[in-house]
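**Student:** Just passing along the structure, written as structure tokens.
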Amino acid sequence: MRTTLRTRRAALAIVAVSALALSGCGDDKDGAEDKPSASKTTGDSATLELPKLDGQTLEISGPWTGPEEENFRKVIDEFEKRTGAKVNYLSTGDNTATVLGTKIEGGDPPNVGFLPQVGVLHQFADKGWVKPLGAEAQAQLDKNFSAGWKDLGAYKDQQYGVYAKAANKSLVWYNTAAFESAGLTDPPKDWKGFIEAAQTLSDAGSPAVSIGGQDGWTLTDWFENVYLSQAGPEKYDQLAKHEIKWTDPSVKDALTTLAELWGKDELIAGGAAGALRTEFPKSVTQTFSGETPAAMVYEGDFVAANINADTKAKLGTDAKVFPFPAVGADSPVVSGGDVAVVLKDDKASQALITWLASKDSAELWVNQGGVISPNKSVDMAKYKDDITRDIAQALLDAGDDFRFDMSDQAPAAFGGTKGQGEWKALQDFLKNPDDVAGMQQQLESAAAKAYKS
């Protein structure tokens, strides 16, 4: 069990780094090569050697679309150049377990797949669908990743996965013009101040908070941040493992807190009904573009990729960020990530996952913007903008002391499938946040079924 004190240190690191971001650092649209050298970690500077795979075609799957997919494609392009292979990309969207499960059972799995949930990794490993890392991939993993990130990619003493992409999911992004128009000079630090700021923004004519409620995973992130800050890390760990029930009073408290925002249509862009029709990318664009942009949008560091690609807003000037407001004593620090696993045990697949575990691929990926990596060998100067660099440094500074996304630790049927489980339940709660007890029963019923299967 990680201690509360260490969690507080991690939270303070995020707060301190975010304060730097608030100072107005601009986005370097041309890359970071001319920036002064930031602190960097030690890694092997030699170019990674990969086998020649001329004429071979591989498939890799991931959950990304749009700007995130375009950024990842740069990483795959470089693998193709170095090996001579051709790599096709399959987007699984929000239904990773279903899409990949169908392909695997049909005898046509991709060579490598990214899984956005730890629970799915465990399920796939139990079924024998994922293959252990080879020696070369393991060597890259040992060199470039801390024990905490390696542990997340392991199951029953076997290493299966590489967390090539991470996320800090405890951030609120805001439109500086909307704040200035409402007379707000400083972002809120706690939940009470957050609700008061939202009311001030709404009264001044701005839709206060943009919520991508059509994508149920965004709502689980809202709950997790409130719950971690309010109930504390020990309760968080227990609920993540279903060692306590969703009918626990701590869940009642968190849902009641969420209802203070979700129950006020005037504070939500388009009201609750509009939020339930809003996908995550739109929740970002409607915060930083349009005639009446929303003032704030909550989500992880990857919001930067959508701001860069889909709006004219400049990070650090038009778009700034602050830590998720503290509901209890501390601001929460929730991390997420996507784990790459081998689904075809052959030379080409092992070469591809070795590439994904390397410093070279991580530096290329983070240089696209809107991505942070848990790869500790990355030269921090490779990050495209100061805000993302600071967020990434804070994640590394936190070491292995973080809480991983709760829904991603759950079985996919509860925490990772569109239209069911926690995703569907919290969409129902956004629609009707008055029935807290009924929502607890709905969540517990879905969790009990999923954890038994």
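Quick note: to get the working numbering, add 137 to the position in the sequence shown (first position is 1).
Note that CB positions come from ideal geometry on N, CA and C, so glycine has one too.
1. Classify T184 as buried or exposed, calling it buried when 16 or more other Cβ atoms lie within 10 Å of its own Cβ.
2. Would you kindly check if the distance between the Cβ of S544 and the Cβ of T357 is under 9 Å?
3. Taking the C-alpha atoms as reference points, what is the distance between L392 and D475?
4. Given this structure, state the Cα-to-Cα distance separating G161 from S228, to the nearest angstrom.
5. May I ask you to check if the CB of F439 is nearer than 8 Å to at least one heavy atom of the ligand ATP?
6. Leaving out five residues on either side along the sequence, give the residues of the same chain with a beta carbon under 8 Å from the beta carbon of W502.
7. Would you call T202 buried or exposed, if buried means 16 or more other Cβ atoms sit within 10 Å of its Cβ?
8. Around the C-beta of A466, are 16 or more other C-beta atoms found within 10 angstroms, so that it is buried, or is it exposed?
9. Please name the residue or residues paired with D352 in a DSSP beta bridge.
10. Any chance you could list the alpha helix (DSSP H) runs of at least 4 consecutive residues sitting entirely within the region 431-494, in chain order?
11. Would the beta-carbon of A463 fall within 9 Å of that of E403?
12. With distance defined between alpha-carbon atoms, name the residue in G400, D438, A494 and Q487 nearest to N569.
13. Can you give me the Cβ contacts of S426 inside the same chain, cut-off strictly under 8 Å, excluding the 5 residues immediately before and after it?
14. Pull the bridge partners of Y251 from the DSSP assignment, please.
15. Taking T239 as part of the beta strand (DSSP E), name the residues at either end of that continuous run.
16. Return the first residue and the last residue of the alpha helix (DSSP H) that S318 is part of.
17. State yes or no: is the C-beta of P188 within less than 9 Å of the C-beta of A488?
18. So what's A583 in DSSP terms, helix, strand or just coil?
19. If distances are taken between C-alpha atoms only, which option among Q351, T355, D352 and N312 comes closest to A335?
20. Report the option in G192, A585 and P430 whose CA atom is closest to the CA atom of A314.
21. For D483 and L258, I'd like the C-alpha separation in whole angstroms.
22. Return the chain-ordered ranges of every alpha helix (DSSP H) run that is complete within the region 355-401 and spans a minimum of 4 residues.
23. Touching or not, the region 339-353 and the region 362-380, by the rule of three or more beta carbon pairs under 8 Å?
24. Note the first and the last residue of the continuous alpha helix (DSSP H) segment covering K329.
25. Output needed for A284: all residues of its chain with C-beta closer than 8 Å, excluding positions within five of it in sequence on either side, in chain order.
26. So what's P535 in DSSP terms, helix, strand or just coil?
27. Quick check on DSSP: helix, strand or coil for N305?
28. S472 and D542 - do their beta-carbons sit closer together than 9 Å?
29. Provide the residue(s) that pair with F541 in DSSP beta bridges, ordered along the chain.
30. With a CB to CB cut of under 8 Å and the five nearest residues on each side skipped, what residues in its chain are close to T625?
31. For a quick check, are the C-beta atoms of I332 and F251 less than 9 Å apart?
32. Three or more C-beta pairs under 8 Å: does that hold for the region 285-301 against the region 257-272?
33. Quick one: what's got a C-beta closer than 7 Å to Q505's C-beta in the same chain, skipping five residues either side?
34. Tell me, which residues are paired with Q295 by DSSP?
**Tutor:** Checking against the coordinates, here is how it stands:
1. As a working note, residue 184 is residue 47 in the sequence shown. T184 should be labelled exposed.
2. One-based indexing of the sequence shown puts residue 357 at position 220. One-based indexing of the sequence shown puts residue 544 at position 407. Result yes, Cβ atoms of T357 and S544 sit closer than 9 Å.
3. Along the sequence shown, one-based indexing puts residue 392 at 255. Along the sequence shown, one-based indexing puts residue 475 at 338. Going from the Cα of L392 to the Cα of D475 covers about 27 Å.
4. Residue numbering aside, residue 161 sits at position 24 when the sequence shown is read from its first letter. Residue numbering aside, residue 228 sits at position 91 when the sequence shown is read from its first letter. For G161, the pLDDT reaches just 37, beneath the cut-off of 50, and the residue's location in the model is therefore unreliable, although a value from the coordinates is still provided. So the two alpha carbons sit approximately 35 Å from each other.
5. For the structure depicted, the ligand ATP is absent and the ligand set is empty, with no information on it obtainable.
6. As a first step, residue 502 must be located in the sequence shown, where it is residue number 365. Only N208, F209, K211, V212, A301, K302, V508 and S510 meet the Cβ criterion.
7. Taking the sequence shown and counting its residues from 1, one reaches residue 202 at position 65. Classification for T202: exposed.
8. Here residue 466 refers to the residue found at position 329 of the sequence shown. So A466 counts as exposed.
9. For the purposes of this step, residue 352 is taken as residue 215 along the sequence shown, with counting starting at 1. Answer by DSSP bridge pairing: none, since D352 is not bridged.
10. 440-447 and 484-493
11. As a working mapping, residue 463 is identified with position 326 in the sequence shown. As a working mapping, residue 403 is identified with position 266 in the sequence shown. Contact: no.
12. Position 432 of the sequence shown, counting from 1, holds the residue named residue 569. N569 has its Cα closest to that of G400, out of G400, D438, A494 and Q487.
13. Counting from one through the sequence shown, the residue named residue 426 turns up at place 289. Closer than 8 Å at the Cβ level, and outside the excluded window around S426, lie D447, T448, K449 and A450.
14. Stepping through the sequence shown from its first residue, residue 251 is reached at position 114. The sequence as given places Phe at residue 251; Tyr does not occur at that position. A477.
15. As a position in the sequence shown, residue 239 is number 102, starting the count at 1. Counting along the chain, T239 falls outside any beta strand (DSSP E), though it belongs to the alpha helix (DSSP H) covering T233 to E242.
16. As a working mapping, residue 318 is identified with position 181 in the sequence shown. Run containing S318: T313 to S318, per the alpha helix (DSSP H) assignment.
17. As a first step, residue 188 must be located in the sequence shown, where it is residue number 51. As a first step, residue 488 must be located in the sequence shown, where it is residue number 351. Contact flag set, yes.
18. Taking the sequence shown and counting its residues from 1, the one referred to as residue 583 is at position 446. A583 falls in the helix class under three-state DSSP.
19. Here the question's residue 335 lines up with position 198 in the sequence shown. Looking at the Cα atoms, N312 is the closest of the given residues.
20. In the sequence shown, residue 314 corresponds to position 177, counting from 1. Considering only alpha carbons, the answer is P430.
21. Residue 483 sits at position 346 when you count from the first residue of the sequence shown. Residue 258 sits at position 121 when you count from the first residue of the sequence shown. So the two alpha carbons sit approximately 19 Å from each other.
22. 370-377 and 386-399
23. no
24. In the sequence shown, the residue the question calls residue 329 occupies position 192. From DSSP, the alpha helix (DSSP H) with K329 extends over W328 to D340.
25. Mapped onto the sequence shown, residue 284 falls at position 147. For A284, where only same-chain residues beyond five positions count, the Cβ hits under 8 Å are D537.
26. Counting from one through the sequence shown, the residue named residue 535 turns up at place 398. One detail in the question is off: residue 535 reads as Ala in this sequence, not Pro. Of the three classes helix, strand and coil, the one that applies to A535 here is coil, per DSSP.
27. Here residue 305 is taken as the residue at index 168 of the sequence shown, counted from 1. Note: N305 maps to strand in three-state DSSP.
28. Working through the sequence shown from its first residue, we reach residue 542 at position 405. Working through the sequence shown from its first residue, we reach residue 472 at position 335. For D542 and S472, yes; Cβs fall inside 9 Å.
29. Taking the sequence shown and counting its residues from 1, the one referred to as residue 541 is at position 404. Bridge partners of F541: S472.
30. Here the chain comprises residues numbered 138 to 590, so residue 625 is not present and cannot be evaluated.
31. By one-based count along the sequence shown, residue 332 stands at place 195. By one-based count along the sequence shown, residue 251 stands at place 114. For I332 and F251, no; Cβs fall outside 9 Å.
32. yes
33. Sequence index remark: in the sequence shown, residue 505 carries index 368 (1-based). Answer for Q505: N208, K211 and K521, listed in chain order.
34. What you label residue 295 is simply residue 158 of the sequence shown in a count that begins at 1. Answer is Y292.
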